[in-house]
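Student: Sending over a structure as structure tokens; questions will come in a sec.
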Amino acid sequence: MRFLKSPDVLKSLEILKHPEVIKSPDILKPQGMSRSWFRNLTIGIAFFFTLLLFLSIGVLLFVLKPSEILSALLSEEMFYSMKLSMLTSFASTFSVMCCSIPTAYALSRFSFPGKSLIKAVLGLPMAFPELVMGLALLLLFGHGFLGPYLEAAGIKVTFTKLGIVVAQFFVAFPYAVRVIYSTFEDINPRYEQVSRSFGYGEFETFRHVTLPMARSGLFASSVITFARCIGAFGAVLVLAGGSYMHTEVLPVTLYLNISYGNLEMAVTSGILLMGIAFLAILSFERFEGGRL
Amino acid sequence: MSFLEVRDICLDVGSFELKGIDLKAEKGDYVALIGPSGSGKSLLLETIIGFYGPRKGNVFLEGRDITFFSPDKRQISIVYQDNMLFPHMDIFENIAYALKKKLRDKKQIEMEVTQIAGVLGIKELLHRKPDTLSGGEKQRASLARSLVARPKLLLLDEPFSALDARTREKLREMLKKAIADYSTTVLHVTHDFEDVWALANRVVVIRKGEVMQAGDPESVFRRPSPDFVAEFLGTNVLKGTVKALEGKLAVIEADGLEIYSADPAEPGEDVTVSIRPEEIILAREAVESSARNTLRGKVSGIFKKEHLVVVEVKTGTAEIKAVITPTSCEMLGLEPGREMYVVFKASNARIIR
């Protein structure tokens, strides 16, 4: 068949090469037998649990009176926690982006010894409980290993605000690398090669071609990173301690107030976290077309 | 030493392999690289431009060994099948990008961009983004970008294969003019023999990572080595003169044959006629049909290849190849020496100049 280059053969080869050419796969859906019990069951399950999820979110919104939410919002503790959450999350998002862009680029473009090891290690935290991650960080930055050296340099990580940033960083970093990696993978390296052929070096090409082309993907991943950072709890609690008005970020506020039985504060911080997550997902969908 | 010399390049990347490729081109040459897909043609281009380092062998440009130069130091540019225009820049910025490393002066850059845009007919498109252009327009912009910096060597990797026949033809003309204006040496990877006829002065046939044959287009197409016939079927090429016009058809005398072509031609004109082997029908008897050309000849060779049979028929002084299925081959009782009729439509006899 390779020798016959009639337009039809070429066209069918084109379709094989670009499966996206085959638009709406309607032909694959069974027609006429759409009332089967199996169809109804799957759709029913989809509806039931989405509704349940939606209800639980709704409950969060309607359990308090607006005045209660307002007073909780205006409390000194909530103000402190919100400010600290914002600051630490911005700091950690910034450092995560600074580190994950080069990491993801190296993984996507270069082959080097130890690459698969890096990939495997970065994949670990996906399945790794955050709490264990916090413990591991506590041990690493504690008295046993790095702690004394860092303290000698005037840096204290455990039970400090810096600890919050460090914990958030390690929670969000592997995810960010993943998202950015897929962004770079979607950019045909030939764009970069063409730029190289015009006399641009590797870094110039990265700056003028790769980064602008990855712009929306990078924006989306920084939003997702921010959402992960601000919502990080287990690792933050273990490494930074979660102490009242000191290392208290929004998830910690929720946790502390639940244990005091102070529902208003807990629910309000829950609503705040939810709102941030919602905004993050919205902008992620908008910029990445919901690919994840 | 030639302008470009590729010596004994060996390299494997994935399932592609180059096994000691040798290639030469003089300044101003237009070399067509043809061969079946998977033969390593594109890989060869990417080795010459420096995206891959060969395991063995050297690339010389203007007598300098550039085998391990980084791509930004070679002054070689490339046009791919899918244009690779930077989507975040408009066409002007895309073309200017290729100049910015060479020229500092904005005025001068603008002048050069306008000039090449004029040659390739994309002046009106300069302020549009690539994704708003048609396939042919994108490819012209991509050519403009690759030519504007006047590279020593221009590599074309199937630049027209995603375009329809008419656009392709138009682009060939423009490319021809642009190449002449910018006096560039070109290596052009293609599947399409019409590219070879319209543009190239040398052909290199590559198969499974090896050079099978090299020479000027006529000798390669008319006397292809047997392997080439079997592996990469070219086309039937006949050279002749237009004798007369019969209505809309041109009557061409070539190799002692009279051939009717539906392509426009002038009487007395010297032309090359190509007929694709898959468009030829073999018949035992001279049948009345809508096909204008019926030539008598004798089967001189039968080659079986996978699911197809290539039959060579000697007619006049020419040997015409036809591709048929094994079943038809059996039904017709084909064997060397048998008399056959070669039938094809006037619209399938394409005139190439």
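Chain order of the listed sequences is A and B.
Just so we're aligned: the first sequence equals residues 40 to 331 in the working numbering.
Just so we're aligned: the second sequence equals residues 402 to 754 in the working numbering.
Think of the CB as a built atom: it goes at the ideal place given N, C-alpha and C, for glycine as much as any other residue.
Going by Cα to Cα distance, which pick from B/716, B/711, B/734, B/718 is closest to residue 724 of chain B?
Tutor: As a working mapping, residue 724 of chain B is identified with position 323 in the second sequence. Taking only the C-alpha atoms, the option nearest residue 724 of chain B is B/711.
Student: Report the residues of the stretch 220-248 of chain A with a CB closer than 8 angstroms to any CB of chain B, ordered along the chain.
Tutor: 227, 229, 230, 232, 233, 234, 235, 236, 237, 238, 239, 240, 247, 248
Student: From residue 698 of chain B to residue 743 of chain B, what distance separates their C-alpha atoms?
Tutor: Counting from 1 along the second sequence, the entry for residue 698 of chain B is found at position 297. Counting from 1 along the second sequence, the entry for residue 743 of chain B is found at position 342. Roughly 7 angstroms between the two C-alpha positions.
Student: Please report how far the alpha carbon of residue 241 of chain A lies from the alpha carbon of residue 428 of chain B, in whole angstroms.
Tutor: In the first sequence, the residue the question calls residue 241 of chain A occupies position 202. In the second sequence, the residue the question calls residue 428 of chain B occupies position 27. So the two alpha carbons sit approximately 29 angstroms from each other.
Student: Just to confirm, is the Cβ distance from residue 612 of chain B to residue 422 of chain B under 8 angstroms?
Tutor: Counted from its first residue, the second sequence places residue 612 of chain B at position 211. Counted from its first residue, the second sequence places residue 422 of chain B at position 21. Yes, Cβ-Cβ distance for residue 612 of chain B and residue 422 of chain B is below 8 angstroms.
Student: By alpha-carbon positions, which one of A/214, A/219, A/95, A/114 ends up nearest to residue 143 of chain A?
Tutor: Walking along the first sequence from the start, residue 143 of chain A turns up at place 104. The closest CA to that of residue 143 of chain A, considering only A/214, A/219, A/95, A/114, is found on A/219.
Student: Taking Cβ-Cβ distances below 8 angstroms as the criterion, which residues of the stretch 136-165 of chain A are in contact with chain B?
Tutor: none
Student: Just the chain A side, please: which residues come within less than 8 angstroms of residue 499 of chain B by C-beta, in chain order?
Tutor: The count along the second sequence starts at 1 and reaches residue 499 of chain B at position 98. Result: 237.
Student: Taking all protein chains shown into account, decide if residue 251 of chain A is buried (16 or more other Cβ within 10 angstroms of its Cβ) or exposed.
Tutor: To locate residue 251 of chain A, count along the first sequence from 1; it is residue 212. Exposed: under 16 other Cβ atoms inside 10 Å.
Student: Any heavy atom of the ligand ADP inside 7 angstroms of the beta-carbon of residue 554 of chain B?
Tutor: In the structure shown, the ligand ADP is absent, as is every other ligand, since no ligand is present at all.
Student: Which residues of chain B have a Cβ atom closer than 7 angstroms to the Cβ of residue 251 of chain A, listed in chain order?
Tutor: Your numbering for residue 251 of chain A matches position 212 in the first sequence. Chain B residues near residue 251 of chain A: 489.
Student: What whole-angstrom Cβ distance do residue 216 of chain A and residue 131 of chain A have, given they're in contact under 8 angstroms?
Tutor: Locating residue 216 of chain A in the first sequence gives position 177, where the first residue counts as 1. Locating residue 131 of chain A in the first sequence gives position 92, where the first residue counts as 1. Incorrect: roughly 14 angstroms between the Cβ atoms, too far for contact.
Student: Tell me whether residue 598 of chain B is buried or exposed, calling it buried when 16 or more other Cβ atoms sit within 10 Å of its Cβ.
Tutor: Along the second sequence, read from residue 1 onward, the residue named residue 598 of chain B stands at position 197. Classification for residue 598 of chain B: buried.
Student: May I have the straight-line CA-CA distance separating residue 223 of chain A from residue 207 of chain A, to the nearest angstrom?
Tutor: Along the first sequence, read from residue 1 onward, the residue named residue 223 of chain A stands at position 184. Along the first sequence, read from residue 1 onward, the residue named residue 207 of chain A stands at position 168. Approximately 24 angstroms, taken between the alpha carbons.
Student: Measuring only between beta-carbons, confirm whether residue 630 of chain B sits less than 8 angstroms from chain A.
Tutor: The sequence position of residue 630 of chain B within the second sequence is 229, counting from 1. Bear in mind that the predicted position of residue 630 of chain B carries a pLDDT of just 43, short of 50, making it unreliable; the figure below should be weighed with that in mind. Not one chain A Cβ lies under 8 angstroms of residue 630 of chain B.
Student: Using the C-alpha atoms, what's the distance from residue 458 of chain B back to residue 172 of chain A?
Tutor: The residue given as residue 172 of chain A occupies position 133 in the first sequence. The residue given as residue 458 of chain B occupies position 57 in the second sequence. In a straight line, the C-alpha of residue 172 of chain A is about 51 angstroms away from that of residue 458 of chain B.
Student: Output, in chain order, the set of chain A residues within a Cβ distance shorter than 9 angstroms of residue 727 of chain B.
Tutor: The residue you call residue 727 of chain B lines up with position 326 of the second sequence. Those do not exist, as residue 727 of chain B stays about 14 angstroms from chain A at its closest Cβ, beyond 9 angstroms.
Student: Looking only at its own chain, which residues have a Cβ that is under 8 angstroms from the Cβ of residue 775 of chain B, when we skip the five neighbours before and after it?
Tutor: The first residue shown for chain B is 402 and the last is 754, placing residue 775 of chain B beyond what the model contains.
Student: What are the start and end residues of the beta strand (DSSP E) that includes residue 482 of chain B?
Tutor: Residue 482 of chain B sits at position 81 when you count from the first residue of the second sequence. No beta strand (DSSP E) contains residue 482 of chain B, which DSSP labels as neither H nor E.
Student: Is it true that the stretch 476-487 of chain B meets the stretch 542-553 of chain B, where meeting means three or more beta-carbon pairs spaced less than 8 angstroms apart?
Tutor: Inter-segment contact for the stretch 476-487 of chain B and the stretch 542-553 of chain B is present: three or more beta-carbon pairs are separated by less than 8 angstroms.
Student: Could you give the DSSP three-state label for residue 632 of chain B: helix, strand or coil?
Tutor: For the purposes of this step, residue 632 of chain B is taken as the residue at position 231 of the second sequence. Residue confidence is low: residue 632 of chain B scores 47 on pLDDT, short of 50, so the model does not pin down where it sits. Its coordinate-derived value is still stated next. In the structure shown, residue 632 of chain B sits in a helix (DSSP, three-state: H, G or I).
Student: Does the stretch 265-274 of chain A come close enough to the stretch 165-182 of chain A that 3 or more CB-CB pairs lie under 8 angstroms?
Tutor: Contact between the stretch 165-182 of chain A and the stretch 265-274 of chain A is present, because at least three Cβ pairs lie under 8 angstroms.
Student: State the start and end residues of the unbroken alpha helix (DSSP H) segment that holds residue 599 of chain B.
Tutor: As a working mapping, residue 599 of chain B is identified with position 198 in the second sequence. Note, residue 599 of chain B: alpha helix (DSSP H), 594-600.
Student: Who are the Cβ neighbours of residue 659 of chain B in its own chain at under 7 angstroms, not counting the five residues just before and after it?
Tutor: One-based indexing of the second sequence puts residue 659 of chain B at position 258. Excluding residues within five positions, the ones whose Cβ falls inside 7 angstroms are 652.
Student: Give the residues from the stretch 462-473 of chain B that approach chain A closer than 9 angstroms (Cβ to any Cβ), ordered along the chain.
Tutor: 471, 472, 473
Student: Using a Cβ cut-off of 8 angstroms (strictly closer), state whether residue 523 of chain B contacts chain A.
Tutor: Looking up residue 523 of chain B in the second sequence gives position 122. No, because no Cβ of chain A sits closer than 8 angstroms to the Cβ of residue 523 of chain B.
Student: Taking only three categories from DSSP, how would you classify residue 589 of chain B?
Tutor: Position 188 of the second sequence, counted from the start, is the residue given in the question as residue 589 of chain B. Strand at residue 589 of chain B.
Student: Return the chain-ordered list of same chain residues with a C-beta closer than 7 angstroms to the C-beta of residue 539 of chain B, the five sequence neighbours on each side being excluded.
Tutor: Locating residue 539 of chain B in the second sequence gives position 138, where the first residue counts as 1. Cβ within range, chain order: 484, 486, 531.
Student: Residue 732 of chain B CB to nearest chain A CB: under 8 angstroms?
Tutor: Here residue 732 of chain B refers to the residue found at position 331 when the second sequence is read from its first residue. No, residue 732 of chain B lies away from the interface with chain A (no Cβ there is under 8 angstroms from its Cβ).
Student: Measure the CB-CB distance between residue 602 of chain B and residue 430 of chain B and report whether it falls below 8 angstroms.
Tutor: Working through the second sequence from its first residue, we reach residue 602 of chain B at position 201. Working through the second sequence from its first residue, we reach residue 430 of chain B at position 29. Cβ atoms of residue 602 of chain B and residue 430 of chain B: closer than 8 angstroms.
Student: Over what stretch of residues does the beta strand (DSSP E) that includes residue 644 of chain B continue unbroken?
Tutor: In the second sequence, residue 644 of chain B corresponds to position 243, counting from 1. Where residue 644 of chain B is concerned, the enclosing beta strand (DSSP E) stretches over 637-647.
Student: Comparing C-alpha positions only, which one of B/682, B/701, B/674, B/704 sits nearest to residue 750 of chain B?
Tutor: Taking the first residue of the second sequence as position 1, residue 750 of chain B is located at position 349. Of the candidates B/682, B/701, B/674, B/704, the one whose C-alpha sits nearest the C-alpha of residue 750 of chain B is B/674.
Student: Counting only the same chain and skipping the five closest in sequence on each side, list residues whose C-beta sits under 7 angstroms from that of residue 303 of chain A.
Tutor: By one-based count along the first sequence, residue 303 of chain A stands at place 264. Cβ neighbours of residue 303 of chain A beyond the five flanking positions: 103, 107, 111.
Student: Roughly how many whole angstroms lie between the Cα atoms of residue 696 of chain B and residue 561 of chain B?
Tutor: Here residue 696 of chain B refers to the residue found at position 295 when the second sequence is read from its first residue. Here residue 561 of chain B refers to the residue found at position 160 when the second sequence is read from its first residue. The alpha-carbon of residue 696 of chain B is positioned some 33 angstroms away from that of residue 561 of chain B.
Student: Does the stretch 192-208 of chain A come close enough to the stretch 273-293 of chain A that 3 or more CB-CB pairs lie under 8 angstroms?
Tutor: yes
Student: Can you give the beta carbon distance from residue 237 of chain A to residue 498 of chain B, rounded, assuming they're within the 8 angstroms contact cut?
Tutor: Residue 237 of chain A sits at position 198 when you count from the first residue of the first sequence. Residue 498 of chain B sits at position 97 when you count from the first residue of the second sequence. Contact holds; Cβ gap of about 6 angstroms.
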